[in-house]
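In the numbering used here, the protein residues as written are 3 to 380. For glycine and all other residues, C-beta sits at the position ideal for the given N, C-alpha and C. Below: one structure, written as C-alpha cells.
Listed below in C-alpha cells is the structure:
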C-alpha cells in the first residue's frame with residue numbers, strides 16, 4: 003500500500019508525510035474513522051513510507067524489501083493487534099490466545115480488502131456471534147515484541163485496531179510503552195469510537211481524524227483501486243455514507259443493503275402511521291438479528307438514511323447522495339417528520355450501537371430505541 007493508492011483525506015496524508023520527512027514522528031497516533039473508512043489503508047501506506055529505503059515525491063518506492071514485506075503484511079518489525087475471542091477457526095484456551103493465532107486470517111482479509119468492516123473481520127476470524135476483546139495475553143505478546151531488538155534499522159510499528167476493545171488490565175500493561183516507547187517505535191491506533199477508548203490511552207496519542215469520503219471519492223476508489231464496474235460503483239456510493247468498506251459490502255454476496263433499506267422504510271412508515279405495535283415488532287426483529295456486528299451495521303445504515311432525510315429538510319439535496327429509485331421515500335419522510343426527529347433518532351441509534359457491547363438485553367435495547375424514535379417523529 004502506497005499513498006498514491008489513497009483517494010481522499012489529502013490533509014491526513016500530507017500530515018503523515020510531513021511527520022516522516024521531518025523526523026518528528028509521534029510515538030503514538032490515534033486515527034479515528036467511521037467503519038470501513040480507510041484508516042488502515044492510510045496506516046499501511048504510512049508504515050511503508052516510514053521504512054522505505056528510496057522515498058521520493060512524497061511516497062514510498064514500492065520496490066524495496068521493506069515495501070514488499072509491508073505489502074505482504076510480513077514486515078518483521080510490524081505487529082497487528084485486534085479484538086479476538088474463542089473461535090470456530092482457532093483452537094486453544096481463550097485466555098492464552100493472541101493475535102498470532104489469527105494472523106493468517108487477518109492477512110488474507112486485509113490483503114483482499116483493507117477497507118473491511120468490523121463484522122467482516124469477525125466473520126474472517128470465526129467469531130461472528132461474539133464480541134472480541136484485546137486481553138492480557140495480547141498485551142503480554144506486544145510487550146514481548148517490544149523487548150526484542152528490531153530486525154531492521156527502521157521503525158518498529160504496532161498497529162492496534164479497535165483500541166476501544168482493550169480491557170483495563172491490558173491498557174495498564176501497555177501504558178508506559180505507549181507513552182515512552184524505546185527507540186524508533188510507533189503505535190498506530192485505529193478506532194471507530196474514540197470516546198470509548200480508555201482515557202489513559204487516548205490522552206497519550208496524537209489524534210488524526212480520517213474523514214468520510216465524498217460519494218465521488220468512494221466511486222473512484224471502487225473503480226480505480228478495487229476493480230468495481232462504473233455502474234455498480236455509482237450505485238454503491240449513494241448509500242456508502244463515505245465508507246468504502248460499506249460500499250463494498252453492499253456489492254458482495256453477503257451484502258444486505260436491500261434488506262436493511264426495507265427495514266428502515268418499514269420502520270419509519272409504521273412510525274408515521276402511528277402503528278406502535280408494528281414499530282415494537284420491528285424492534286424485536288432487530289434484536290433477533292444473528293450477530294451484534296450485523297446489528298451495528300444496521301445502526302450505521304439507519305443513521306446514514308436519517309442523515310439524508312435531515313439534509314433534504316435543510317435544502318441540501320445536492321449533497322445528500324440520494325439514489326433516484328429511493329428519492330420519493332426520502333422526500334416523503336422529510337416532509338412529514340418533525341425537524342428535530344433526525345437529530346434525536348441518530349442520537350438514539352448511536353447510543354444503541356454503543357450499548358451493544360455491554361451486558362444489556364438486546365430486546366429491551368432495540369424496543370427502547372424504536373419507541374423513542376416513535377415519540378419524536380411527529
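Residue 209 sits in a strand when the DSSP states are folded into three classes. In the three-state DSSP reduction, residue 111 falls in the helix class (H, G or I).
Secondary structure of residue 263 (DSSP, three-state): helix. In the structure shown, the three-state DSSP call for residue 33 is strand. Per DSSP, the unbroken alpha helix (DSSP H) holding residue 202 starts and ends at 201-204. Residue 163 and residue 83 have their C-alpha atoms spaced approximately 6 Å apart. Distances from the alpha-carbon of residue 123 to those of 50, 367, 224, 111 put 111 closest. A buried status is given to residue 237, since no fewer than 16 other beta-carbon atoms sit within 10 Å of its beta-carbon. In the structure shown, residue 61 adopts extended strand secondary structure according to DSSP, grouped into three states. Between residue 81 and the set 282, 331, 159, the nearest pair of CA atoms involves 159. Residue 187 counts as buried, since at least 16 other C-beta atoms from the protein chains shown sit within 10 angstroms of its C-beta. In this structure, residue 263 sits away from residue 299, with a CB-CB distance that is not shorter than 9 Å. The alpha-carbon of residue 369 is positioned some 29 Å away from that of residue 86. Here residue 5 carries a helix assignment [DSSP, helix/strand/coil].
In this structure, the beta-carbon distance from residue 173 to residue 200 falls below 9 Å. Taking a contact as a CB-CB distance under 8 Å, the pair residue 32 and residue 191 counts as one, their CB atoms being some 4 Å apart.
By the CB criterion at 9 Å, residue 157 and residue 27 fall inside the cutoff. Residue environment for residue 23: exposed (fewer than 16 other C-beta atoms within 10 angstroms of its C-beta). Residue pairing from DSSP places residue 168 in a beta bridge opposite 136.
As for any beta strand (DSSP E) of minimum length 3 sitting wholly inside the region 44-108, the runs are 80-83, ordered along the chain. With a cutoff of 9 Å on beta-carbon distance, residue 207 and residue 274 are scored as not near each other.
For the 9 Å CB-CB criterion, residue 213 and residue 116 do not form a contact.
Taking residue 301 as the centre and dropping the five residues before and after it, the same chain places the C-beta of 351, 354, 355 closer than 7 Å to its C-beta, in chain order.
Excluding residues up to 5 positions away in sequence, 171, 172 lie with their Cβ nearer than 6 Å to the Cβ of residue 138 in the same chain.
Note on geometry: alpha-carbon atoms of residue 140 and residue 232 lie some 42 Å from one another. DSSP places residue 324 in the coil class of the three-state scheme, outside both helix and strand. Distance from residue 205 to residue 220 at the Cβ level is roughly 33 Å; contact not present, criterion being Cβ atoms closer than 8 Å. Collapsing the DSSP output to three states places residue 160 in a strand. Note: residue 189 is bridge-paired with 30, 160 in the DSSP secondary-structure output.
In this structure, 161 is the residue among 161, 184, 125 with its C-alpha nearest to the C-alpha of residue 193. By the neighbour-count definition (other C-beta atoms within 10 Å, threshold 16), residue 100 is a buried residue. Between the C-alpha atoms of residue 77 and residue 71 there is a straight-line separation of about 5 Å.
The Cβ atoms of residue 343 and residue 375 sit closer than 9 Å to each other. Of the other Cβ atoms in all chains shown, 16 or more fall within 10 Å of the Cβ of residue 167; this residue is therefore buried.
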